[in-house]
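Here's the structure we're looking at; comments come further down.
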DNA sequence: CATGAATGAGTTTTCATTCAT
DNA sequence: GATGAATGAAAACTCATTCAT
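Okay, here's the thing in C-alpha cells:
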C-alpha cells in the first residue's frame, strides 16, 4: 500500500515540477533534465515513472484539466443541492474561470503552453478538444436555463470561452494586473449575455507594466 | 539589376519557407535544416542572409505584421479619401481582421505561433506588443468616432481584439470552417458594440471536426 | 566504492587524452571529437564530465600546474626538513624545472600551447599569471637566501624563468636533444647567478633537426 | 606597370590586415572574413591574391621576417662602412632586437603567434628555423669579434636569442611596460656577456597591470 | 579585378533515452 | 526504486573555398 503511494507521490512531484518549469520556458525548451532538477530527482527516474517526455506532458495536461473540472463540478453540485438558481450557477461557472484560470497569470501561461502543443500533438489536441467541448456544453446548458431568451446558447458558450482565452493570453503578454483582467472579463460577459446590469462604470485599474 | 535583387528574393524565399514550416510544426521544432529544405537551398545560405535562426523569425514577424498593417492602412485611407463614414471605416477594420487574419486558418496558426514565442522571447514580445497596441489604439479611435455612446472605447477595443484572438485559436484547434468562424465573429462584434442590427439568426455552419 | 571513482577516472582519461592531442595539434585545432577519439569514448561524454571544451582546458591547465607545483614543493620541503642548505634548495629548484619541464620536450610543448591560449583567454591567463608569479616569488626567496650578494633577486628570478621558457620553446622548435638543452640551461643559470663554477666547456650535443 | 603595382598594394593591405587581426586573436581564431573586413575588401579577393589562408600567413611571416632582417642588415652595414667597432655592431644588434622586437609588445605578440603556428605547420616551421638560425649565426659572428674571450659563441648566441623570446613572452603576458622590459633585457645581456658594465641599478619600472 | 552567392565539411553543444548496478 | 554512466541523433552555427558574372 505504501508502495503504490510512493509512486503516486513521485509522479505528483514530477508533474508539479513541470508546472514550475512551464512558468519559465516553453514545453519544447524544457528538458527532462530541468524537470528532474526542479523535482529534485535523477532524470532517469522520470523515465521510470513515465514512458517519455511527451507522456509526462500528457499526464500533466490530463491532471490539470481533470482537477479543475472536478473542482468546478463539485462547486456547482454543491450550489445545486442547496437549491440555488440557474443564474447563480452560471455566475459561479463564469466566476470560477475568471478567478481560477484566466485571472491566474501563471495558470493561464500553462494553459497557453498546452494550447500551443495541442496544435501539433494529436493526443494533446484530442484531450484539449474533449475538455473544452465538455466545458462549453456545460456552459451552454447553464445558459439555456439561466438566460431564457438567448438565441444560440452553444455559440454564446463558445464565444464566452474564446473570449476567456483571448483575454487570458492578452493579460499574460501585456502583463495586465489581475484586477483589470477580471474587470474586463466581467464587463464583456455581461455584454455578451445582454444583461441589464451591464452598467459597470469601469472604475477599474489600468494594465500594469511588467517591470 | 538582377544583382541586388537576388538577396531580397532569397530572403523572401526563406521567410516564405518558414511560413510553410509553421503550418506543420512549432517554431521550436522547426530546424534551420527544415526551413532550408522547404526553401530548396543549402542550410548555410540561411546564415548567409540572416544572422541566426531567431533573426529569421524576427524578420518574419516584422514582415508579416508590417505587411498586414500597411494593407489595412491603405484600405482605410482609401475609404476615408472617398468620404466614407466612421461606421464604414469601423466595419472595414473589423472585416479586414475577420477575413484576412482570424478567418484565415493558416495565418491564424502562424499568429498563434508568434504569440507563443513572444512569451519567452523579449524582442518578439516587444514587437508583438507594439503592433497590437497600435491596432488597438486605431480601433479605439474608430470606436470613438463610430459608436458615440460607447463607455470605454479602449477597453472595448481590447475586448474586440482579444475576442478575435480567442476565436482564432478556437477555429484552428477545433477546425471551424471559415463560414462559421466569420458568423461567430460578426455576431459577437455586434453584441459588444450593442448594435441594434445584432439580429442575426446564426443559421450558420457547425464546427467541422478535423478528423 | 567503484562508483564514485568512475567519474574521476573518466575525467583523468579526458585530460590525458587532451595532453596527447596537444602533442599533435594546437588547442584550437583540436576538436572535442578528437579528444574523445583519443580517450576512446563518445564525444558527448566529454560534455557529461565537463561543462565545455574550454572547461576541459581549464581543468587540464589547473591540473598540470598544480601537480607540478605540488611535486616541487614536496621535494623542497623534504630537503629543507633534512637541513639542506639554501644553495641545495636553489639547485633542486632549478634542476626540477630543467629536468621535468624545460627538458621534457612534450611537456614543454604543452606549456607553450597553454601560454598561447592564455594570450586570448582571460581565465587561462589569470591562472598562468598566478602560477608563474608564485614560482618566481619562491625562486626570488631562494635567491635571497642562497646568493647573498645578488642585487635584484626578483628581476633575476624573472630572468631565470623567462630564460627557461625561451630555451624551452627553442628546444621544441629546433628539436634540441635533452642533453644539449640541459647543458645550455645549466650554463646560463650559472652565468646569471655569476657563479665561479661557470666553467663548463659545453662539450654538449648539437641541435638535431626534426625531420 | 600600374597593374602589377595594384596587386602588390592589395597584397600589402591583406598582410597589414592580418597583422592587425593578430593583435586581437590567434591565427586559428582569425577567419578569412575578418581579415577581409579589416582590409576593407571582399573575402573572395583574398583567395584571388593568395592561394589559401595558410598562404597568407606564409607570406606574412616571410614579409615580417625579411623586412626586419633587411632593416637590421642595413643598419649594421652602415655602421661597418663607417668603421665602427665590433662592440658597437654588437650593441646595435642587441639594441635592434630590444627596441624593435622584444620591446614592441604588438610585434612580440605577432612573433609569438608565429612560433605557435610553426609548431604544427611544416612550412612555417622551416621558415622560422631558417631566419632564427641566420640571426643566431650573425650574432655568434659578432660575439666572436666583439667578445674575444667568450667560450662558446654559438651557445651564447642561442642563449641571448632565447632570452629575448622568453622575456618577450613574459612582457606580453604580464603586461610589462616597455621601460622595464628593456631594463631587464639589457641587464641580462650584460650578465651573459660577463661585461664589467653590468652595474645597472635596476632603477626601472615595475610590471604594469593590464587594467 | 571584384563581388555576391553558394556549398560541404566541420564545429561545439544539447538531449531524450537506455542500461548496468 | 534509484542513480551515474553512456550514446546516437540532431541542433545551430562557422568557415575556407569556389564560381558565375
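Protein chains in written order, with our numbering: chain P, 1 to 211; chain C, 212 to 422; chain F, 423 to 633; chain D, 634 to 844.
Every residue gets a Cβ at the ideal spot worked out from N, C-alpha and C, and that includes glycine.
The alpha carbon of residue 62(P) has as its nearest neighbour, out of 87(P), 41(P), 12(P) and 84(P), the alpha carbon of 12(P). Here the C-alpha atom of residue 442(F) lies approximately 13 angstroms from the C-alpha atom of residue 527(F). Considering only beta carbons, the part of the segment 545-565 of chain F lying closer than 9 angstroms to chain D consists of 547, 550, 551, 554 and 555, in chain order. Residue 789(D) is not a Cβ neighbour of residue 775(D), given a cutoff of 8 angstroms. With respect to the 8 angstroms criterion, residue 546(F) and residue 536(F) are classified as neighbours on the basis of their beta carbons.
Chain order gives the chain C residues near residue 172(P) as 330, where near means a beta carbon separation below 8 angstroms.
Burial state of residue 259(C) is exposed, judged by a 10 Å Cβ sphere holding fewer than 16 other Cβ atoms.
Residue environment for residue 296(C): exposed (fewer than 16 other C-beta atoms within 10 angstroms of its C-beta). Among the residues facing chain P, residue 402(C) is included, as its CB has a counterpart in that chain under 8 angstroms away. As the crow flies, the alpha-carbon of residue 46(P) is around 14 angstroms from that of residue 6(P). 382(C) is the residue among 265(C), 337(C) and 382(C) whose C-alpha sits nearest the C-alpha of residue 310(C). Counting along the chain, residue 307(C) sits inside the alpha helix (DSSP H) bounded by residues 297-307. For residue 261(C), no Cβ of chain P is located within less than 8 angstroms of the residue's own Cβ.
Annotation for residue 146(P): 85, 86, 87, 89 and 90 place their beta carbon closer than 8 angstroms to its own, counting only its chain and skipping 5 residues before and after.
Looking from the CA of residue 821(D), the closest CA among 599(F), 541(F), 492(F) and 584(F) belongs to 584(F). For residue 534(F) against residue 752(D), the beta-carbon gap comes to about 7 angstroms, under 8 angstroms, which counts as contact. When 9 angstroms is used as the limit between beta carbons, residue 487(F) is near no residue of chain D, the shortest such separation being about 14 angstroms.
Judged by DSSP in its simplified three-state form, residue 50(P) adopts coil rather than helix or strand.
Residue environment analysis places residue 332(C) among the buried positions, since at least 16 neighbouring C-beta atoms fall within 10 angstroms of its C-beta.
Contact annotation: residue 376(C) and residue 35(P) have beta-carbon atoms that are not nearer than 8 angstroms.
Straight-line spacing of the CA atoms in residue 548(F) and residue 555(F) works out to 10 angstroms. Rounded to the nearest whole angstrom, the C-alpha separation of residue 783(D) and residue 702(D) is 25 angstroms. Between residue 440(F) and residue 482(F), the C-beta gap is smaller than 8 angstroms, which places the two residues in contact. Closer than 8 angstroms at the C-beta level to chain P, one finds no residue of the segment 283-306 of chain C. Contiguous alpha helix (DSSP H) elements confined to the segment 104-163 of chain P occur at 105-120 and 122-146, taking only those with 4 or more residues. Burial state of residue 707(D) is exposed, judged by a 10 Å Cβ sphere holding fewer than 16 other Cβ atoms. By the beta-carbon neighbour count (other beta carbons within 10 angstroms, threshold 16), residue 219(C) is exposed. DSSP places residue 252(C) outside both helix and strand once states are collapsed to three, so it counts as coil. Within chain P, 165, 166, 169 and 170 have C-beta atoms less than 8 angstroms from the C-beta of residue 376(C), given in sequence order. No Cβ of chain P is located within less than 8 angstroms of the beta carbon of residue 268(C). Here the alpha carbon of residue 676(D) sits roughly 10 angstroms from the alpha carbon of residue 647(D).
At least one CB atom of chain D sits nearer than 8 angstroms to the CB of residue 448(F). In the three-state DSSP reduction, residue 640(D) falls in the helix class (H, G or I). Close partners of residue 250(C) in chain P (Cβ separation under 7 angstroms) are lacking, with about 21 angstroms as the shortest Cβ gap. Under the three-state reduction of DSSP output, residue 524(F) falls in the helix class.
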